[in-house]
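For reference, the structure is listed below as structure tokens.
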Amino acid sequence: MTAPLLEISNVSKRFAVGSRFSSQGLRIVNALDDVSLSVMPGETVGLVGESGCGKSTLGRCITRLYELTSGSLRFAGTDISSLSTREMRPLRRRIQMVFQDPSASLNPRRRVRDLIAEPLRVHTKMGSEEITARVAELLDIVGLKPDHAMRFPHEFSGGQRQRIGIARAIALNPELIVLDEPVSALDVSVQAQIVNLLADLQERLNLTYVFIAHDLSVVRQVSTRIAVMYLGSIVELGDAEDVFSRPSHPYTQALISAVPVPDVGKVGSRGRVVLTGDVPSPINPPSGCRFHTRCPIAQDRCRNERPVLRQLGASRHVACHFPSAADQAAQAVRP
Amino acid sequence: MLKVTGLNVSFRTEQGLVRAVENVSFDVAEGELMGIVGESGSGKTVSLLAVMGLITDPNAIITGSIAYRGRELVGLPSKEMRKLRGREIAMIFQDPMTALTPVYTIGWQIAEQILAHEKVSKQAAWQRAIDLLAEVNIPNPGEAVHRYPHQLSGGMRQRVVIAMALSCNPALLVADEPTTALDVTVQAQILDLVAKLRRNHGSAIVFITHDMGVMAEIADRMMVMYAGRVVERGSKEELFLSPRHPYTQALLDSIPPLVGARPRRLRTIPGTPPNLLNRPAGCAFAPRCPQRFEKCSADPQLPAGARAAACFRVNP
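For the record, the sequence lines run as chains A and B.
For the first sequence, the tail end lands on 358 under the numbering used here, and the numbers increase by one without skipping.
For the second sequence, the tail end lands on 348 under the numbering used here, and the numbers increase by one without skipping.
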């Protein structure tokens with residue numbers, strides 16, 4: 024058995040909002056609550072959940088854009104959760120990130136050539152000719168033309184800008200890339216191009232992905248395994264196709280059944296679990312199971328006792344007191 | 033009830049004339065849900081803004097005809113349009129905050145809309161606001177009327193905007209990507225709400241979305257737009273089960289499936305939509321089309337009729 028590339032152990036992240044002097048006082052947002060997850064080399068782990076579930080916070084913790092409140096992160100055997108900025112620097116080239124809005128992460132005043140060359144200048148001792156050659160190579164890898172190098176970001180469409188962002192992320196031959204909603208801002212036809220590009224790059228460059236998205240069909244397409252998050256915790260973890268065909272946690276079932284399917288024949292025949300209400304506030308999360316306020320099968324035990332993420336079957340982990348009942352419900356929900 | 037014929041909307045810009053909408057025709061019957069699909073820049077929003085009389089840019093040139101219950105809306109004085117808008121035609125936008133003011137309570141905002149269009153007392157308007165909030169499934173409507181928009185979640189705000197749109201029982205509701213900014217579970221709630229309102233109010237709805245899944249769920253009839261023109265129209269079943277235009281087919285193919293085996297690669301549409309400043313001669317989709325042939329250098333026309341596609345493969 025191979026060692027995981029990234030080991031996330033009991034990671035929590037709290038943010039303070041407001042101030043002691045505001046009307047509601049200083050409040051604590053529990054953005055991540057005791058999250059553990061291992062990412063194996065070469066796989067894609069999809070993080071899904073509604074807005075505010077902590078998926079982006081987890082992505083930013085992995086890349087150390089946020090400091091952890093507690094817990095540890097091991098990358099390729101090294102504990103990176105307490106490294107200083109200087110100690111972290113050599114590892115930065117091995118962990119990269121791609122953001123949702125490519126235009127926000129590209130400096131509008133710089134040419135594409137310079138944008139892609141920047142990580143090379145910062146992290147390597149390459150000469151200018153080597154850098155020019157590498158930039159040309161990277162442009163080719165992500166499907167842009169050589170003459171695009173001299174242009175500015177505003178001259179590109181959204182899909183092409185995301186290609187520039189990807190070129191920059193792979194410039195230093197990283198091992199792990201955290202993709203935070205990389206295709207959400209793109210039109211469907213362009214989205215498919217980027218999804219395919221990411222799959223090709225993974226194969227070609229032997230990359231490991233953490234793929235964050237709210238679009239479940241995209242996550243299913245790209246992921247090896249899927250972690251479903253709710254209010255700062257992982258509620259279900261398992262093989263991508265399996266989680267979609269046999270969701271165990273009632274939240275996963277509701278989430279999957281809520282996705283409108285572009286298949287006219289199937290509409291209406293699908294049972295749908297419509298959740299009532301909104302996601303509760305992470306400032307004051309519900310007692311017991313965090314999902315019990317919206318759960319269709321909640322019992323007394325769910326209100327008092329918090330379920331832990333436990334193994335269920337060969338490759339599935341579920342945080343629910345009644346996953347077997349949930350599994351039967353899955354039969355009814357299955358599309 | 034709504035008949036749009038040969039609508040053109042262009043904008044004069046420093047770079048030249050942008051033809052955002054070209055020769056778009058469609059009609060909507062009473063109580064019907066008409067879906068418009070297309071990617072960004074396909075002209076779907078601009079066509080509906082034209083219907084609502086909300087294009088006030090002095091550089092915009094609008095020609096063609098928009099007839100609402102026999103009344104011509106193109107060239108209607110803005111005062112007349114304002115009477116119609118809100119009372120008979122209402123609109124819901126993607127971002128509910130654009131339709132709500134942050135400085136008044138939501139009850140005030142709904143009541144104001146009622147008072148602007150109907151001769152009722154303030155108390156009656158306030159009560160109507162509470163009833164409307166209850167109708168869109170807002171918990172504790174009696175308390176919720178006193179809240180400000182920032183105190184509500186995105187899904188709740190969208191419900192408030194829907195309540196506002198319904199306040200005068202509009203005969204036509206125009207919805208521009210009303211669920212795009214919402215999470216899927218909240219989107220499901222809003223789509224259920226739209227279905228319920230159709231049953232209760234019988235309003236006709238024009239619904240814009242780029243999400244084929246949402247269309248499959250709610251539309252009666254659909255039209256697909258590309259680069260400012262309608263490329264295909266038909267009933268929902270016709271478009272999904274036997275799409276004729278290569279663009280519609282490609283659009284359906286490029287969505288990753290939620291069930292069944294995963295394709296190793298997704299089918300894609302190569303390239304990007306054309307720049308409307310200089311659209312290619314002939315069929316605008318031809319440069320990306322897998323089925324293009326010599327004839328595509330000419331301009332395909334959309335034939336009349338309920339089921340039609342603007343493609344030379346379909347109409348040689």
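C-beta: ideal position from N, C-alpha, C; glycine also.
Residue-chain proximity (residue i, chain E), Cβ-Cβ < 9 Å
i	result
residue 243 of chain B	The structure shown contains no chain E; its protein chains are A and B.
Cβ-based neighbour list, residue i, same chain, cut-off 7 Å, excluding 5 preceding and 5 following
i	result
residue 246 of chain A	67, 68, 69, 234, 263
residue 134 of chain B	180, 181, 182
residue 292 of chain A	Only weak support is given to the placement of residue 292 of chain A: the predicted model assigns it a pLDDT of 46, under 50, and the question is left unresolved by the model.
residue 191 of chain A	138, 139, 142
residue 71 of chain B	242, 305
residue 52 of chain A	37, 38, 40, 305, 306
residue 308 of chain A	53, 254
residue 27 of chain A	61, 62, 63
residue 324 of chain A	344
C-beta contact flag for residue i and residue j at 9 Å
i	j	result
residue 231 of chain A	residue 200 of chain A	yes
residue 300 of chain A	residue 171 of chain B	yes
residue 316 of chain B	residue 259 of chain B	yes
residue 241 of chain A	residue 206 of chain A	yes
residue 267 of chain B	residue 276 of chain B	no
residue 302 of chain A	residue 73 of chain A	yes
residue 145 of chain B	residue 200 of chain B	yes
residue 103 of chain A	residue 60 of chain A	no
residue 125 of chain B	residue 92 of chain B	no
residue 226 of chain A	residue 64 of chain A	no
residue 121 of chain A	residue 203 of chain A	yes
residue 216 of chain B	residue 81 of chain A	no
residue 162 of chain A	residue 168 of chain A	yes
residue 289 of chain B	residue 243 of chain A	yes
residue 165 of chain A	residue 220 of chain A	yes
residue 264 of chain B	residue 280 of chain B	yes
Nonlocal neighbours in the same chain, by C-beta distance under 6 Å from residue i, ignoring five residues either side
i	result
residue 177 of chain B	139, 161, 162
residue 334 of chain A	340
residue 192 of chain B	138
residue 81 of chain B	87
residue 298 of chain A	277, 317
residue 357 of chain A	Any answer about residue 357 of chain A is weak, because its pLDDT of 41 lies below 50 and its placement is not dependable; what the coordinates show is given next. Same-chain partners within the cutoff: there are none.
residue 93 of chain A	35
residue 278 of chain B	321, 323
residue 346 of chain A	271, 335
residue 218 of chain B	187
residue 236 of chain A	204, 242
residue 329 of chain B	314
8 Å Cβ shell around residue i - same chain, five flanking residues per side excluded
i	result
residue 223 of chain B	211, 246, 249, 250
residue 127 of chain B	213
residue 250 of chain A	60, 68, 69, 70, 71, 257, 259, 260
residue 265 of chain A	338, 339
Where the alpha helix (DSSP H) containing residue i begins and where it ends
i	result
residue 325 of chain B	Taken as a continuous stretch (DSSP letters only), residue 325 of chain B belongs to no alpha helix (DSSP H), as it is neither H nor E.
residue 82 of chain A	78-85
residue 311 of chain B	Neither: residue 311 of chain B is in no alpha helix (DSSP H) and is coded neither H nor E.
residue 124 of chain A	Unbroken run through residue 124 of chain A: none, as it is neither H nor E.
residue 78 of chain B	76-84
residue 323 of chain A	323-327
residue 297 of chain B	Counting along the chain, residue 297 of chain B falls outside any alpha helix (DSSP H), and DSSP gives it neither H nor E.
Start-to-end residues for the beta strand (DSSP E) that takes in residue i
i	result
residue 71 of chain B	Taken as a continuous stretch (DSSP letters only), residue 71 of chain B belongs to no beta strand (DSSP E), as it is neither H nor E.
residue 443 of chain A	Coverage of chain A is limited to positions 24 through 358, which leaves residue 443 of chain A absent and any answer about it impossible.
residue 99 of chain B	92-100
residue 67 of chain A	67-71
residue 49 of chain B	48-60
residue 111 of chain B	First-last for residue 111 of chain B: 110-116, but that is the alpha helix (DSSP H), not the beta strand (DSSP E).
residue 205 of chain B	204-208
residue 35 of chain B	34-45
residue 30 of chain A	29-40
Integer-rounded CB distance, given that residue j should sit under 8 Å from residue i
i	j	result
residue 243 of chain B	residue 77 of chain B	At roughly 15 Å, the Cβ-Cβ gap does not stay under 8 Å, so residue 243 of chain B and residue 77 of chain B are not in contact.
residue 256 of chain A	residue 124 of chain A	So it is not a contact: roughly 27 Å between Cβ atoms.
residue 114 of chain B	residue 33 of chain B	About 20 Å separates the two Cβ atoms, so there is no contact after all.
residue 65 of chain B	residue 230 of chain B	7 Å
residue 38 of chain B	residue 55 of chain B	6 Å
residue 118 of chain B	residue 148 of chain B	7 Å
residue 114 of chain A	residue 98 of chain A	6 Å
Where are the beta strand (DSSP E) runs, 3 residues long or more, that stay fully inside the region 229-269 of chain A, in chain order? 231-235, 248-253, 256-262
Just list the alpha helix (DSSP H) runs in the region 197-272 of chain B, keeping only unbroken ones of 4 residues or longer that don't cross its boundaries, in chain order. 216-233, 244-250
Could you give the uninterrupted runs of the alpha helix (DSSP H) lying entirely in the region 89-122 of chain A, keeping only those of 4 residues or more? 108-115
Taking only runs of the alpha helix (DSSP H) that begin and end inside the region 119-149 of chain B, which ones reach a length of at least 4 residues, in chain order? 138-149
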